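In what follows, a single structure is set out as structure tokens and then discussed.
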Amino acid sequence: LAQVCSRQKLEATGPAGVVPFRTMVVPLRSCTSLFLIVAASLAEPAPNFTRVIHQQFRTSNTSEWPPEWRTLSQMWREKHPTWEWRFWNDEDEAEMFREQLPEFHDLYQWIPICRQTSISRADLASYAILYLHGGMYADLDTAPLSSLDAALGAAVAAAAREDLAVIINIERFRAEEGAMEERGHGGYAEPYATDKDLMFSAAPRHKFFYEVLSGIKDYMAMHNSTVCKADIEGGTYDLMYMTSWGRLAMSVRAWSEHGMNRTNLRFLEDLFLRDREDATYIGFALHVLGHLDIISLQAQPPPTNVKYLERWLENSLKRQEKLLDSGSSAKPHLDLHIADMGSLQAVVQAPDLFILPIAASPSTLPKSALRSLDLKCTDLTTDTTDLGCFTDAIARTLRDEFPERPADLNLLVVFNQDGGIWEGSWDASKQQEFQSERAKLAESTKHEL
Numbered sequence: 036l037a038q039v040c041s042r043q044k045l046e047a048t049g050p051a052g053v054v055p056f057r058t059m060v061v062p063l064r065s066c067t068s069l070f071l072i073v074a075a076s077l078a079e080p081a082p083n084f085t086r087v088i089h090q091q092f093r094t095s096n097t098s099e100w101p102p103e104w105r106t107l108s109q110m111w112r113e114k115h116p117t118w119e120w121r122f123w124n125d126e127d128e129a130e131m132f133r134e135q136l137p138e139f140h141d142l143y144q145w146i147p148i149c150r151q152t153s154i155s156r157a158d159l160a161s162y163a164i165l166y167l168h169g170g171m172y173a174d175l176d177t178a179p180l181s182s183l184d185a186a187l188g189a190a191v192a193a194a195a196r197e198d199l200a201v202i203i204n205i206e207r208f209r210a211e212e213g214a215m216e217e218r219g220h221g222g223y224a225e226p227y228a229t230d231k232d233l234m235f236s237a238a239p240r241h242k243f244f245y246e247v248l249s250g251i252k253d254y255m256a257m258h259n260s261t262v263c264k265a266d267i268e269g270g271t272y273d274l275m276y277m278t279s280w281g282r283l284a285m286s287v288r289a290w291s292e293h294g295m296n297r298t299n300l301r302f303l304e305d306l307f308l309r310d311r312e313d314a315t316y317i318g319f320a321l322h323v324l325g326h327l328d329i330i331s332l333q334a335q336p337p338p339t340n341v342k343y344l345e346r347w348l349e350n351s352l353k354r355q356e357k358l359l360d361s362g363s364s365a366k367p368h369l370d371l372h373i374a375d376m377g378s379l380q381a382v383v384q385a386p387d388l389f390i391l392p393i394a395a396s397p398s399t400l401p402k403s404a405l406r407s408l409d410l411k412c413t414d415l416t417t418d419t420t421d422l423g424c425f426t427d428a429i430a431r432t433l434r435d436e437f438p439e440r441p442a443d444l445n446l447l448v449v450f451n452q453d454g455g456i457w458e459g460s461w462d463a464s465k466q467q468e469f470q471s472e473r474a475k476l477a478e479s480t481k482h483e484l
């Protein structure tokens, strides 16, 4: 421990077959938390974790789902045959808030009125489900390419505690050097590039997910007149930072070994409120400068005058680069050694919250192309999809789009690119387009035969 606290490297080996911790360099202030992690790494393997996959949509009738969602959901069950799969519809979630989380029931009922959309209800439900039940939450536009058992098991073993939350870092394509991605480009360079599409809690009642709900409730009460005006001109990222990926990233960034740091969370919320149209300031704090701690950002915050912003960013990047060159970071990281996979680097946001970079979101396979791929991998005579065909095509896309990313890290895929089909994702017109494409494919197949 003394070696680690003097910023020297420490190597540790766990029991036979379990080597969850290898090398870590951390700042002095993290020594207390690190001692627990190091001690746990050398202890017995962690206890079992909750193996439940949670998914949700407005209806449980799968015939009303977009066809590619049915296939993606099937992939979750095919890759995790020993896990329970639980589906939640609107009625289930309304009952959950009414009966089990009445303190948030009014928020759940009222929030669709804010921006005339009900999508935020689904966001609230995802946090509530993990808080109450634990397990893996996965949106229907996500899929596993491999089982998560080994990666999550290694994380739980390294933490050596039952109340571990794992937030998934998602790598996204960088179109050009210096270009910003509002959700973050991901990888270790931008650890807070996360999304509530994929979240995990090793056991029920992890306080992080409850605190996310509490933060949303407080934020809406405090800024209702700002973010819920119906006559807002121009687009904003309000929905994203109210309940979705922006909210999750801010909440993770503000989480500590003592729980949610409300001061830090308010600081991040205020950065977003400075620029709701482009989310420039909060984008710097969450992603571009993700390795500077919030205390450092608060000490030297972005200037209110935009003409000084570029100079501030340059100076901040130099401070961050110097920090990383010294072998340090605002957050420690550790290597999880996983059988048949090698080493996986996790960011330790807190002893009870890790960030794992095990997902990618391909720009070259948007939802529209995914729908066509699903059709091409479907036997039209039996109406069954060949999961091998579907999975292999997705894996090839990730390898081609992210050639420098180790293929072993592609455990999960997230389809964030809409490709023009998200609005009315499966309304009457989209269903008609799909049936037309299906008929053309059937005809071409018949001629080939």
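Counting the sequence shown from 1 gives a position; my numbering is that position plus 35.
Ideal Cβ placement from N, Cα and C applies to all residues, glycine included.
Owing to the predicted nature of the structure, the values given are computational and were not obtained by experimental measurement.
Using only CA atoms, which one of the options lies nearest to residue i?
i       : options                               : result
Asn-296 : Phe-425, Ile-330, Asp-313 and Glu-130 : Ile-330
Asp-462 : Gly-377, Pro-102, Phe-84 and Arg-301  : Pro-102
Pro-392 : Leu-422, Asp-125, Thr-94 and Leu-183  : Leu-183
His-89  : Ala-256, Asp-427, Gln-470 and His-115 : His-115
Trp-123 : His-220, Arg-301 and Tyr-172          : Tyr-172
Lys-465 : Ser-403, Ser-479 and Gln-452          : Ser-403
Thr-117 : Gln-91, Phe-84 and Glu-99             : Phe-84
Asn-451 : Gln-333, Ala-314, Asp-127 and Glu-217 : Glu-217
Lys-231 : Ser-279, Ala-237, His-258 and Ala-194 : Ser-279
Arg-93  : Ala-474, Ser-398, Ser-460 and Arg-346 : Ser-460
Gln-151 : Gly-221, Tyr-245, Lys-264 and Leu-369 : Lys-264
Met-255 : Gln-333, Gly-219, Phe-244 and Arg-301 : Arg-301
Asp-125 : Val-383, Ser-95 and Gln-355           : Ser-95
Phe-244 : Thr-426, Gln-467 and Asp-387          : Asp-387
Gln-489 : Glu-345, Ser-351, Glu-292 and Arg-346 : Shown here, the chain extends from 36 to 484; a query on residue 489 therefore has no answer.
Are the CB atoms of residue j and residue i within a distance shorter than 8 Å?
i       : j       : result
Leu-371 : Ala-385 : no
Ile-202 : Val-262 : no
Lys-242 : Gly-294 : yes
Tyr-227 : Leu-379 : no
Arg-156 : Ile-148 : no
Thr-106 : Asp-409 : yes
Ala-190 : Phe-389 : yes
Ser-161 : Met-275 : no
Leu-142 : Ala-163 : no
Ile-251 : Leu-159 : yes
Leu-369 : Ala-192 : no
Pro-367 : Val-383 : yes
My guess is that residue i and residue j are in contact by the Cβ rule of under 8 Å, so how many angstroms apart are they, rounded?
i       : j       : result
His-326 : Leu-359 : 6 Å
Arg-282 : Val-247 : 7 Å
Ala-284 : Thr-229 : 5 Å
Ala-200 : Ser-153 : That belief does not hold up - the Cβ atoms of Ala-200 and Ser-153 are roughly 26 Å apart, past 8 Å.
Leu-422 : Gln-91  : Their Cβ separation, rounded to whole angstroms, is 22 Å, which puts Leu-422 and Gln-91 out of contact at 8 Å.
Asp-453 : Pro-401 : 6 Å
Please name the residue or residues paired with residue i in a DSSP beta bridge.
i       : result
Arg-121 : His-89
Trp-290 : Met-295
Arg-207 : Ser-396
Ser-236 : Gly-170 and Ala-200
Gly-377 : Ile-373
Ile-154 : Ile-154 is not bridged to any residue.
Leu-391 : Ile-203
Pro-179 : Leu-447
Ala-385 : Leu-388
Thr-413 : Thr-420
For residue i, which residues from the same chain have a beta carbon less than 8 Å from its beta carbon, with the 5 sequence-adjacent residues on both sides left out?
i       : result
Arg-240 : Tyr-166, Leu-167, Gly-169 and Asp-198
Thr-419 : Thr-413
Leu-476 : Leu-410, Lys-411 and Leu-415
Ser-407 : Glu-472
Ala-186 : Leu-371, Ile-373, Met-376, Leu-379, Leu-391, Ile-393 and Leu-446
For residue i, which residues of its own chain have a beta-carbon under 6 Å away from its beta-carbon, when the five flanking residues on both sides are left out?
i       : result
Gly-270 : none
Tyr-316 : Leu-306, Arg-309, Asp-310 and Pro-337
Trp-120 : Ile-88 and Arg-112
Ile-429 : Val-448
Thr-238 : In the sequence as displayed, the identity of residue 238 is Ala instead of Thr. So the list reads Thr-85, Gly-169, Glu-197 and Asp-198, once near-sequence residues are dropped.
Asn-299 : Ala-289 and Ile-329
Thr-97  : Arg-105
Arg-209 : His-220
Asp-174 : Asp-232
Glu-99  : none
Just to confirm my understanding: we take residue i, look at its own chain, exclude 5 residues before and 5 after, and list those with CB closer than 7 Å. What are they?
i       : result
Phe-319 : Pro-337 and Leu-348
Ala-395 : Ile-205, Glu-206, Leu-433, Phe-437, Arg-440, Asn-445 and Val-448
Glu-138 : none
Cys-424 : Cys-412
Gly-377 : Asp-443
Asp-127 : none
Gln-470 : none
Phe-132 : Phe-139, His-140, Tyr-143 and Ala-163
Ser-181 : Lys-114 and Leu-446
Asp-273 : Arg-150, Val-262 and Arg-311
Checking contacts by CB at 8 Å: is residue i closer than that to chain B?
i       : result
Tyr-223 : In summary, chain B is missing from the structure at hand, where a single protein chain is found.
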